[in-house]
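Participant: FYI, the numbering for the sequence shown is -24 to -1, 1 to 242, going by mature numbering (1 follows the signal peptide of the UniProt record, and there is no 0).
Please read through the structure below; I'll follow up with questions.
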Amino acid sequence: MKNVKKRYVLSLAIILMISLSACKGNDIVGTVQADSDTNAEQGAGEKEQATIAQQYALSKTIQQDGDKEVVTNQDSVAVVVNKQRALPDGYEPSDLVEPNVKFSFNEKVEKRLMRKEAAEALESLFAGAKDDGYDLFAVSGYRSYKRQVTVFNSSVQRNGREHAEKFSAEPGKSEHQTGLAMDVSSQSANFGLEQSFSQTDEGKWLAEHAADYGFVIRYLEGKEDITGYLYEPWHVRYVGIETAKDIASQGVTLEEYFDDTGTIKA
């Protein structure tokens, strides 16, 4: 009888040990699986981020139209418009709205407008500045082709074409026509659009926080040979939060960020 009890107890002990081993094995499998899932998610995220720049790469978003090169992604917030990349003839965004922000003027004119997504982001940007104790003012947003003709010709007449091209875009090649850009200033800068804006408290806040709301300083200091324009600390361009943060962290221009040929260098 004692032998039977011993065998019974021994059997229970063996069964218990096997069960514990199986549980530990499952835990290990679960941990490995969890790690694999995490790595897969991280890999997918990296692939998705890389695709943003690849999908809208400069060479993939341009086509020849007569004697000029015209962008093919004009409705994308990732569009790159510059002296070599024109908008299609007659382009006008279909979703222009007026952002609910302070303006440096009272007239009800088209330069109050932005594309809807950009306008909502601008409202958040201005609200964020206000929360931190800074008042920003919108100075100039959307500009139609017709209006750009007037602006550019006026600049040429005043200062000559060579000087005008450093600050003003030829009609059809202005970021303002995309509806994604806004010139910003402050009372401390007398609402002007001058490089000295970068030295104001508002200008410093804008440079530091613009990307948090999906904007980049479009024409960076020291990048004039790439952008084709002198430094404009007042000119913000909406590209979306993830892209803006990535661009800002690298300290590059839109041209460099979307360059897929390796030919654009500072």
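Idealized CB from N, CA, C, for every residue including glycine.
Report all residues from its chain with a CB closer than 6 Å to the CB of Y189; omit the five preceding and five following residues, and keep chain order.
Facilitator: Numbered from its first residue, the sequence shown carries residue 189 at position 213. Within the same chain, Y189 has close Cβ partners A97, S100 and L101.
Participant: Could you pull out every residue in the same chain whose Cβ sits closer than 7 Å to the Cβ of D167, ignoring the five residues on either side in sequence?
Facilitator: Along the sequence shown, read from residue 1 onward, the residue named residue 167 stands at position 191. Per the sequence shown, the amino acid found at residue 167 is Phe instead of Asp. Taken in chain order, the residues that qualify are S80, F113, V115 and S161.
Participant: Is the beta carbon of L156 less than 7 Å from the beta carbon of A94?
Facilitator: Numbered from its first residue, the sequence shown carries residue 156 at position 180. Numbered from its first residue, the sequence shown carries residue 94 at position 118. For L156 and A94, yes; Cβs fall inside 7 Å.
Participant: Which partner residues does E208 have in the DSSP bridge list?
Facilitator: For the purposes of this step, residue 208 is taken as residue 232 along the sequence shown, with counting starting at 1. Answer is Y195.
Participant: Pick helix, strand or coil for S161, following the three-state DSSP scheme.
Facilitator: Translated into the one-based positions of the sequence shown, residue 161 becomes position 185. Strand, per DSSP.
Participant: Kindly identify the DSSP beta-bridge partner or partners of L72.
Facilitator: Sequence index remark: in the sequence shown, residue 72 carries index 96 (1-based). Its beta-bridge partners are R91.
Participant: Which residue comes first and which comes last in the alpha helix (DSSP H) that contains E231?
Facilitator: For the purposes of this step, residue 231 is taken as residue 255 along the sequence shown, with counting starting at 1. Where E231 is concerned, the enclosing alpha helix (DSSP H) stretches over L230 to Y233.
Participant: Identify the residues that DSSP records as bridge partners of Y214: which are they?
Facilitator: Within the sequence shown, the letter at position 238 stands for residue 214. Note: Y214 sits in a beta bridge opposite F191.
Participant: Rounded to the nearest angstrom, how far is the Cβ of Q142 from that of Y205, given a contact under 8 Å?
Facilitator: What you label residue 142 is simply residue 166 of the sequence shown in a count that begins at 1. What you label residue 205 is simply residue 229 of the sequence shown in a count that begins at 1. In the sequence as displayed, the identity of residue 142 is Lys instead of Gln. Correct: roughly 6 Å between the Cβ atoms.
Participant: Just to check my reading of the structure: V57 and T154 have Cβ atoms closer than 8 Å, yes? What is that Cβ distance to the nearest angstrom?
Facilitator: Position 81 of the sequence shown, counting from 1, holds the residue named residue 57. Position 178 of the sequence shown, counting from 1, holds the residue named residue 154. Indeed they touch by this definition, with Cβ atoms about 6 Å apart.
Participant: Which residue's Cα is closest to the Cα of Y233: G109, E146, A54 and Q171?
Facilitator: Numbered from its first residue, the sequence shown carries residue 233 at position 257. Taking only the C-alpha atoms, the option nearest Y233 is A54.
Participant: With three or more beta-carbon pairs closer than 8 Å as the criterion, would you say the stretch 212 to 224 touches the stretch 178 to 196?
Facilitator: Contact between the stretch 212 to 224 and the stretch 178 to 196 is present, because at least three Cβ pairs lie under 8 Å.
Participant: Hey, quick one: how far does the alpha helix (DSSP H) through F128 stretch, first residue to last?
Facilitator: Your numbering for residue 128 matches position 152 in the sequence shown. Taken as a continuous stretch (DSSP letters only), the alpha helix (DSSP H) holding F128 covers Y121 to N135.
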